[in-house]
Amino acid sequence: MSDSTNKLFLEPERYEFHAAPIHHFELARRDFFKLLGAGIAVFAVAKNSSAMQETAPGARSFHSEELPKEITSWLHVGEDGTVTGFTGKVEIGQNIRTSLAQTIADELRVPFESVRMVTADTALTPFDAGTFGSRTTPTMTPQFRRVAAAARDLLIGVAAKEWNVAPEGLIAADAKVSDRASGRSLRYAELARGKTLAQNLPAEDPVTPAAQWKIAGKAVPKVDGRAFVTGRHQYTPDLHPAGMLYGKILRPSSFGATLLSCDDSAAKAMAGVVIVRDGDFIGAAAPTEREAQNAVVAISAQWKEVPQISNKELFTYLKEKASGSSDDRHRHQKGSVEESLATAAHRLDATYTVAYIAHAPLEPRAAVAEWTGGKLTVWTGTQRPFAVRDDLAAVFRIPESSVRVIVPDTGSAYGGKHTSDAALEAARMSRAAGHPVKIVWTREEEFTWAYFRPAGVIEVKSSLAADGKLAAWEFHNFHSGSSGIDTPYDVPNQRTEYHPVPLVLRSGSYRGLAATANHFARETHMDALARVARVDPLEFRRKNLSDPRLRAVLDAAAKSFGWDPKKEVPWGKGRGFACGNEKGSYVATCAEVAVDRISGAVRVVRLVEAFECGAIVNPDGLRNQVVGAMIQGLGGALFESIEFENGRIKNPHFANYRVPRFRDVPEIDAVLLDRKDLLSAGAGETPIMTVAPAIGNAIFDATGVRLNSLPLVPNGLRRA
Amino acid sequence: MRAPIELDVNGKRYPVQYPPGTSLLTVLRDELGLTGSKYGCGEGHCGACTVLIGGAPRRSCQVPVSAAVGKSITTIEGLEKEGLLHPVQQAFLDAGAFQCAFCTPGMIMSSVALLHAKPNPTSSEIIQFLQGNICRCGAHPRIIDAVRQAAKTMQEGRP
């Protein structure tokens, strides 16, 4: 259906798998200081960029009026001492506004409170491909450290010149530069006054080691927290520019349906209503949402539908349509799997399936668009502001410089807000109506017309040697994706392959993407193998695992959980384990479940997760992320599943698409391992991966029933 | 001609122009500009739009504005008094009981209602009461902690 959807909207649809184009930043240096006031600015330039070559070797001031084109972050110290960090990343609840400000304050040696972050505004911030892949911390943290360190050096240089002393004897601390010899000091604000000093430099590794961090590495409350508990923060749906109309869209009757005929005369006759038609796109704009909705209802449209499969035949379909991958990136092979499978002491094969699930962010997709002259401004909750800008420019055939996309801190995304849908809809309607237009998707639209975490089928063949060591491992993922597909265990003979399948439902990124599916299959299978080998599941993993970071989280989780193979588990209860690594971070989960043997109800009683992502920037924010991922992971593990038939979603409401609620939340413990000797990795995704297999393995432990499909128990546990 | 009606919101009286069948949430957000109450589902299933009507928690997306006439309505904007946060707001802030915070106003309003009815709730009573409020980010354990802390603060008579 994706092809026809694309045709229907005639609009680009890009995911992070596609390379982003190279963008040029038009803001001139002169304008930069006009915008921010005088002061001191430092710009980080992407590695290997032409701008860096122009200024290489080393960091030095640039003399042209144009800013380099591949700047990835920048920082400004104003005349009042205010420090502003600029990044194209978005704040969607993952708390980067706080953690990046901590990093800057730490490296620049200023109080945390004096740093503010400007995020995700295509007119003010450097280009960024998007906020996904747990990349904000590993990429932006070192860059901001470098720019902050360079700004500190610049300030020291200014002071040295002022006092006519050598910079080596000067110290930067507490937002001041001090001369120990004479006892003099000047505040950064005083040093920045009247200056328009700028420097660019290549982004390199951090300069202050994590062991010496003073502001970073500590728990700091969320920036602007008060605005959130008072309801003052304005998300996109809360914006209301003067003269704004509300927009509603007439959706096709099913996925891929094309418009046969349409009578909009009754809607057009409604007072204050503007009907916008553009190909198969039909929308209504009106002074109130109700009037817009009434107008859409009054439109009579006939659609030509195309027959489509349902979730009942999904997994057979995926296997049938899978292509043998021709892409080497999707294949990994070592040793001889066939021979080992044929000859090893124990053999175990199994098939696993994963359903489509929805992100269901509580803030639905929304956008406010306003045209002024030929220029377009759009406020929207997206993870990819620059991609949205480019989509808007392409669709309306205007230069990118005529489009500004601003992302207010957004009501979450989980990988679900990579596309431009609401922005394009609002902009199209605003242009036709001659007023600003706001589009807020209904929950049903959100569950239907957004995109899903792809479903998948995973086939595993495996064998064990007589000593309980893994001998062969063959792993095929059909459709859901290749992230986290490679086994971290030591296996002499292995083959892994990802088999792409054309889309059934519109699919895209999701927190952890396919890593959750691949870990579910792998870790469930490892549990089953441990049973074959008659070894405790943790002992079995230790026996086949040499990665010290993975072993460390395994041990930490086991210790905190109190995992004891000799301890008898009470009747009706079970414990399960799963571990893995992805995107530079490591996770291990222990689960305890209770199963009611009569009703089949499954309750997760306790989850303990150990997580390690290098040096921790903000332990409080990290704990929030890890616990949040564990709870969100309960949904996909236990009951979340999108049901569909003939191009329609059958459960597009919270009433019939169950997400985790308070009663579902078990006792939770997150153990955070702080590795100050390692660079900080991201933490948004990996902690979700091992929740489902740990729970599934615990259910097996409790009942002897092996569940190979996600969700595990949408209707409780019932023997077939 | 639309029927002239008047709403009592956060101690202020507002004349309302919208048709009586319009949801209270729409009137609060689109006419009165009180956007702290959120649209999360429009079906009464997520709790993001929770307000107090006569002290009781109500899903404002499910309440026709006509049904709120003559009653005292409190929204998230009405909790802060003279720059001082309500103890529940302060407890959410102190506990960092949110991530994206889109559910937070509804969570806070439900919690205020709970503590009004039951000043010293057990954890299971809190869980039971907040079952209708969805948090997709998974801040549940912190929210429970925040409500317990707020209960303590309020019992000790601190603001």
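Heads up: the protein sequence lines correspond to chains A and B, in order.
Each residue of the first sequence is one higher than the last, beginning at 13 in the numbering used here.
Each residue of the second sequence is one higher than the last, beginning at 1104 in the numbering used here.
A virtual CB, placed ideally from N, CA and C, is assigned to each residue, including glycine.
The structure displayed is predicted, hence computed values, not measured ones.
Asked, Found
"Cα-Cα separation, residue 182 of chain A to residue 245 of chain A", "42 Å"
"Sufficient close CB pairs (3 or more, under 8 Å) joining the segment 487-500 of chain A to the segment 524-533 of chain A", "yes"
"Chain A contact for residue 1131 of chain B (CB, 8 Å cutoff)", "no"
"Under 7 Å from the C-beta of residue 1049 of chain B: neighbouring residues of chain A", "What is shown of chain B runs 1104 to 1262, which leaves residue 1049 of chain B out entirely."
"8 Å Cβ cutoff, residue 454 of chain A in contact with chain B", "yes"
"Partners in chain B for residue 155 of chain A, counting only beta-carbon separations shorter than 7 Å", "Simply none; closest approach about 24 Å."
"Three-state class that DSSP yields for residue 801 of chain A in the structure shown", "Since the first residue shown for chain A is 13 and the last is 732, residue 801 of chain A is missing from the structure and cannot be characterised."
"Near-chain B residues of the segment 291-310 of chain A (beta-carbon distance less than 9 Å), N- to C-terminal order", "300, 301, 302"
"Complete runs of the beta strand (DSSP E) confined to the segment 354-389 of chain A [at least 3 residues]", "358-366, 378-384"
"Interfacial residues, the segment 1216-1244 of chain B to chain A, with Cβ spacing under 7 Å", "1230, 1233, 1234, 1237, 1239, 1240, 1241, 1242, 1243, 1244"
"Residues near residue 565 of chain A by beta carbon distance below 7 Å, same chain, minus five either side", "591, 598, 599, 600, 622, 623, 624, 685"
"Which residues DSSP lists as bridging residue 1115 of chain B, in chain order", "B/1112"
"Those residues which DSSP pairs with residue 726 of chain A across a bridge", "A/728"
"Length of the line joining the Cα atoms of residue 698 of chain A and residue 342 of chain A", "21 Å"
"Any C-beta of chain A under 8 Å from that of residue 1208 of chain B", "yes"
"Paired residues, beta bridge with residue 587 of chain A - DSSP", "A/604"
"Environment of residue 448 of chain A [buried if 16+ CB atoms lie within 10 Å]", "buried"
"First through last residue of the alpha helix (DSSP H) which encompasses residue 654 of chain A", "No alpha helix (DSSP H) holds residue 654 of chain A; DSSP gives it neither H nor E."
"Whole alpha helix (DSSP H) elements within the segment 502-585 of chain A, 4-residue minimum", "526-545, 549-555, 560-573"
"Local conformation of residue 329 of chain A per DSSP, three classes", "helix"
"Cutoff 8 Å: residue 1142 of chain B Cβ touching any chain A Cβ", "yes"
"Residue 296 of chain A - partner residues in DSSP beta bridges", "A/260, A/287"
"Residues from the segment 220-250 of chain A in contact with chain B, defined by Cβ distance under 8 Å", "233, 234, 237, 238, 240, 241, 242, 243, 244, 245, 246, 247, 249, 250"
"Whole-angstrom C-beta distance between residue 1163 of chain B and residue 1128 of chain B, which should lie under 8 Å", "4 Å"
"First through last residue of the alpha helix (DSSP H) which encompasses residue 175 of chain A", "153-175"
"Candidates A/403, A/358, A/563, of which the one nearest residue 476 of chain A by Cα", "A/358"
"Minimum Cβ-Cβ distance from residue 1138 of chain B to chain A less than 8 Å", "yes"
"Cβ-based neighbour list, residue 1229 of chain B, same chain, cut-off 6 Å, excluding 5 preceding and 5 following", "1247, 1250"
"Which of helix, strand or coil DSSP assigns to residue 678 of chain A", "coil"
"C-alpha gap between residue 508 of chain A and residue 300 of chain A, whole angstroms", "54 Å"
"Proximity winner among A/103, A/422, A/114, A/128, relative to residue 97 of chain A (alpha-carbon distances)", "A/128"
"Residues from the segment 658-680 of chain A in contact with chain B, defined by Cβ distance under 8 Å", "665, 666, 667, 671, 672, 673, 674, 675, 677, 680"
"Expected contact under 8 Å - CB spacing of residue 210 of chain A and residue 200 of chain A to nearest Å", "Not really, about 16 Å apart at Cβ, beyond 8 Å."
"Residue(s) in a DSSP beta bridge with residue 56 of chain A", "A/85, A/213"
"For residue 208 of chain A: DSSP bridge partner residues", "A/51"
"As assigned by DSSP and simplified to three states, the class of residue 320 of chain A", "coil"
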